[in-house]
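Okay, so the sequence shown: first residue is 131 according to the numbering used here, each after it adds one. Notes follow once the structure below has been shown.
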Amino acid sequence: MSYVEVPGAKVPIRMWADPASVEDVAMQQLRNVSTLPWIKGLAVMPDVHFGKGATVGSVIAMQGAVCPAAVGVDIGCGMSAVKTSLTANDLPGDLSRLRSKIEQAIPVGRGMHDDVVDPGRLHGFPTAGWDDFWGRFGGIAEAVKFRQERATKQMGTLGSGNHMIEFCLDSDGSVWLMLHSGSRNIGKELAEHHIGIAQKLPHNQGLVDRDLAVFVSDTPQMADYRNDLYWAQEYAKYNRAIMMALFKDVVRREFKKAKPVFDQEISCHHNYVAEERYDGADLLVTRKGAIRAGSGEYGIIPGSMGTSSYIVKGLGNEQAFNSASHGAGRRMSRNAAKRRFTVRDLEEQTRGVECRKDSGVLDEIPAAYKPIEQVMEQQRDLVEVVAKLKQVICIKG
């Protein structure tokens, strides 16, 4: 589908979703965002749903301002995927051992490594810039400095919620490794620190929603936020890279005879800010639950723990600020999913997948998400599908 235009206060709201299918609270959030004085454009992805301050699945282009709540608290959250030389024929009948080995190598939930991971000991890990990255820790907000040890030990860990590690097959039977995670606790604490600062600034006092508080250019608060934001985005990228290196090491050990070879990694943020130029203007583009889909750029759009995911190539649609959805998008809250479904429903909906099937992940049940095929159909003018993946192992925190 092409987009539907809905009237907004300062800019029209361009939607790659049926407005009638979007919850009222999410539509109100979009209208609220369209009232911001600095806004230059608002594009809404087909996986749109209610979030804190700004909807998940929205792309907000502003001039001279950025809204930290429109990035989200998991700064730099995103996906990584890599195709391997393994095929379905290489897999054992029982995948529980492989799942267990992955879980041993990569801490999940609130867990962390006992010792800091040394990237120099990881096969093929690009260590250039690593020391410089950690050297910049001294320049981030004083309020989170005491978290340094935790931040170093959480580097290379999964987290919880919708974060996952998957072992997938594409339609040709090739094995892919895929994972989803972000900047862990350090990113969350940085985000909350800066949201708190923004809400107290005088220029934000008249906003329709205090969660839409922004930082404006040429102020020390904006400089501090952008410094910490970009550091946290880098943390998230390194976090995924280390997890993928650990994941590959498990696969090398478990499939020693097959001598697996790995293609080039695909990685993309979906909660972040980028400086981009549209219609001759330099804008700060915030993607919250959206990936960049510039012409020919690779991206990853996952479904849920029992459905398909997609490797895509961007079509460079500037009406959407070169963006696409970050996944299927929730159609009900976590609490609603827990009330509505049972563990038996979860077992049914994840049949054939080696994964947790207990009440602790009930809020991640596939039926709590929009149908991924429908989401992909709604963004045919944003991306083209390169590969369709289906998980055989799904690891949740």
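Just so you know, even glycine gets a beta-carbon here, dropped at the ideal spot from N, CA and C.
Whole-angstrom distance between residue j and residue i, CA atom to CA atom
i: residue 183; j: residue 434; result: 24 Å
i: residue 414; j: residue 175; result: 18 Å
i: residue 468; j: residue 180; result: 18 Å
i: residue 352; j: residue 311; result: 26 Å
i: residue 235; j: residue 211; result: 18 Å
i: residue 498; j: residue 348; result: 42 Å
i: residue 380; j: residue 370; result: 15 Å
i: residue 322; j: residue 289; result: 18 Å
i: residue 387; j: residue 402; result: 41 Å
i: residue 147; j: residue 265; result: 43 Å
i: residue 524; j: residue 509; result: 26 Å
i: residue 440; j: residue 399; result: 15 Å
i: residue 477; j: residue 458; result: 20 Å
i: residue 354; j: residue 360; result: 10 Å
i: residue 410; j: residue 423; result: 19 Å
i: residue 341; j: residue 169; result: 15 Å
i: residue 432; j: residue 374; result: 16 Å
i: residue 384; j: residue 229; result: 11 Å
i: residue 421; j: residue 326; result: 26 Å
i: residue 546; j: residue 287; result: This structure cannot settle anything about residue 546, because the visible part of the chain is limited to 131 through 527.
i: residue 219; j: residue 157; result: 47 Å
i: residue 465; j: residue 471; result: 10 Å
i: residue 271; j: residue 260; result: 20 Å
i: residue 397; j: residue 427; result: 10 Å
i: residue 154; j: residue 333; result: 28 Å
Assumed close pair residue i, residue j - CB separation to whole angstroms, cut-off 8 Å
i: residue 231; j: residue 304; result: Not quite, the Cβ-Cβ distance comes to about 21 Å (not below 8 Å), so this is no contact.
i: residue 201; j: residue 416; result: 6 Å
i: residue 344; j: residue 197; result: 5 Å
i: residue 362; j: residue 482; result: About 37 Å; that fails the 8 Å criterion.
i: residue 299; j: residue 377; result: Wrong, their Cβ atoms sit about 16 Å apart, outside the cutoff.
i: residue 338; j: residue 185; result: Rounded, the Cβ-Cβ distance is 14 Å, inconsistent with contact.
i: residue 191; j: residue 346; result: With a Cβ gap of about 15 Å, residue 191 and residue 346 do not count as contacting.
i: residue 358; j: residue 320; result: 5 Å
i: residue 366; j: residue 313; result: 4 Å
i: residue 456; j: residue 419; result: 5 Å
i: residue 493; j: residue 473; result: Actually they do not touch by this definition, with Cβ atoms about 12 Å apart.
i: residue 356; j: residue 316; result: Not really, about 17 Å apart at Cβ, beyond 8 Å.
i: residue 203; j: residue 318; result: 5 Å
i: residue 438; j: residue 518; result: 5 Å
Beta carbon of residue i nearer than 8 Å to that of residue j
i: residue 283; j: residue 242; result: yes
i: residue 149; j: residue 163; result: no
i: residue 479; j: residue 296; result: no
i: residue 141; j: residue 172; result: yes
i: residue 255; j: residue 364; result: no
i: residue 372; j: residue 249; result: yes
i: residue 293; j: residue 527; result: yes
i: residue 368; j: residue 285; result: yes
Check: residue i C-beta below 7 Å from any heavy atom of the ligand ATP
i: residue 314; result: This structure lacks the ligand ATP; in fact it carries no ligand of any kind.
> Which full runs of the alpha helix (DSSP H) of 4+ residues lie inside the segment 224–287, going along the chain?
Replying inline: Listed in chain order, the complete alpha helix (DSSP H) runs (minimum 4 residues) inside the segment 224–287 are 226–235, 260–265 and 278–284.
> Does the segment 399–414 come close enough to the segment 444–462 that 3 or more CB-CB pairs lie under 8 Å?
Replying inline: Judged by pairs of C-beta atoms under 8 Å, the segment 444–462 touches the segment 399–414, as three or more such pairs exist.
>> Ignoring anything shorter than 4 residues, give me the alpha helix (DSSP H) runs that lie fully in the segment 283–330, in order along the chain.
In response: List check, alpha helix (DSSP H) in window: 314–330.
>> Using 8 Å as the cut-off, can you tell me whether the segment 436–449 makes contact with the segment 500–514, which would need three or more C-beta pairs spanning the two stretches below that distance?
In response: The segment 436–449 is in contact with the segment 500–514.
> What runs of the alpha helix (DSSP H), each 4 residues or longer, lie entirely inside the segment 450–493?
Replying inline: Entirely contained in the segment 450–493, the alpha helix (DSSP H) runs reaching 4 residues are, in chain order, 464–470 and 473–479.
> Quick one: complete alpha helix (DSSP H) runs, 4+ long, within the segment 146–232?
Replying inline: Within the segment 146–232, the complete alpha helix (DSSP H) runs of at least 4 residues are 154–163.
> Which parts of the segment 404–445 are runs of the beta strand (DSSP E), unbroken and 3 residues or longer, counting only runs that do not cross its ends?
Replying inline: The qualifying runs are 411–418, 420–422, 428–431 and 438–444.
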